[in-house]
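Going by numbering that gives the first Met the number 0, the residue at position 109 of the sequence shown is 108; the numbering climbs one at a time, nothing skipped. Have a look at the structure below, then the notes.
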Amino acid sequence: MISGLARAAAAAEQWGEPDLRTRCLALATAAARRLLDAHVGAHGEVMRVDFDGDVHTRGYLEDVAFLARACLDLHEATLDLAWQDAAASWPATLWRTTRWPGASASTSPPTTPSV
Numbered sequence: 000m001i002s003g004l005a006r007a008a009a010a011a012e013q014w015g016e017p018d019l020r021t022r023c024l025a026l027a028t029a030a031a032r033r034l035l036d037a038h039v040g041a042h043g044e045v046m047r048v049d050f051d052g053d054v055h056t057r058g059y060l061e062d063v064a065f066l067a068r069a070c071l072d073l074h075e076a077t078l079d080l081a082w083q084d085a086a087a088s089w090p091a092t093l094w095r096t097t098r099w100p101g102a103s104a105s106t107s108p109p110t111t112p113s114v
């Protein structure tokens, strides 16, 4: 949704609709701020589930990827470096919090059978 709104803002600018661009960017920014405030923990981990104000369950890789993509789209639309910085922080956090000792980027978990 956030990426779609950011891209709609760019299209509205091309169509000569500055009010629509402003509204789309405001909605995209508000949605992204809500996700960052509620779904990104103090140590940078992305959380997946928000039920009745209770945020739990660590996010999957696609959660991190889609949130990062949304922030990059907002950065592209607004040129605000804070969005780029947010997106750049999660890969390192994901690597730090999910890998096991001695792992590299190309290794499989120790419990995965060899093929």
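Think of the CB as a built atom: it goes at the ideal place given N, C-alpha and C, for glycine as much as any other residue.
Thinking just about the alpha-carbon of each residue, which of 94, 39, 55 and 78 is nearest to the one in residue 5? When C-alpha distances from residue 5 are compared across 94, 39, 55 and 78, the shortest belongs to 78.
Could you spell out where the beta strand (DSSP E) holding residue 39 opens and where it closes? Looking at the DSSP string, residue 39 is not in any beta strand (DSSP E), and its letter there is neither H nor E.
Where DSSP assigns a beta bridge to residue 79, which residues make up the other side? Answer by DSSP bridge pairing: none, since residue 79 is not bridged.
Is there contact between the segment 22-33 and the segment 71-91, where contact requires at least three CB pairs shorter than 8 Å? The count of Cβ pairs closer than 8 Å, one atom from the segment 22-33 and one from the segment 71-91, reaches three, so the stretches are in contact.
How many whole angstroms separate the CB atoms of residue 45 and residue 62, which I take to be in contact at a CB cut-off of 8 Å? Between residue 62 and residue 45 the Cβ distance is about 5 Å, and since that is below 8 Å, they are a contact.
To which residues of the same chain is residue 20 closer than 6 Å at the C-beta, ignoring the five residues directly before and after it? Non-local beta-carbon contacts of residue 20 in its own chain, meaning distances under 6 Å to residues more than five positions away in sequence, involve 8, 11 and 12 in chain order.
Could you check whether residue 2 and residue 69 sit closer than 8 Å to each other, using their CB atoms as the reference points? Result yes, Cβ atoms of residue 69 and residue 2 sit closer than 8 Å.
Taking the Cβ atom as the reference point for each residue, do residue 0 and residue 30 lie within a distance shorter than 8 Å? Result yes, Cβ atoms of residue 0 and residue 30 sit closer than 8 Å.
For residue 111, does the three-state DSSP call read helix, strand or coil? Note that residue 111 scores 49 on pLDDT, short of 50, meaning its location in the model is unreliable and no value can be drawn from it.
Rounded straight-line distance, which links the Cα of residue 47 to that of residue 53: Spanning the two alpha carbons is a distance of roughly 11 Å.
Rounded C-alpha distance that separates residue 95 from residue 17: One Cα belongs to residue 95, the other to residue 17, and the distance between them is close to 42 Å.
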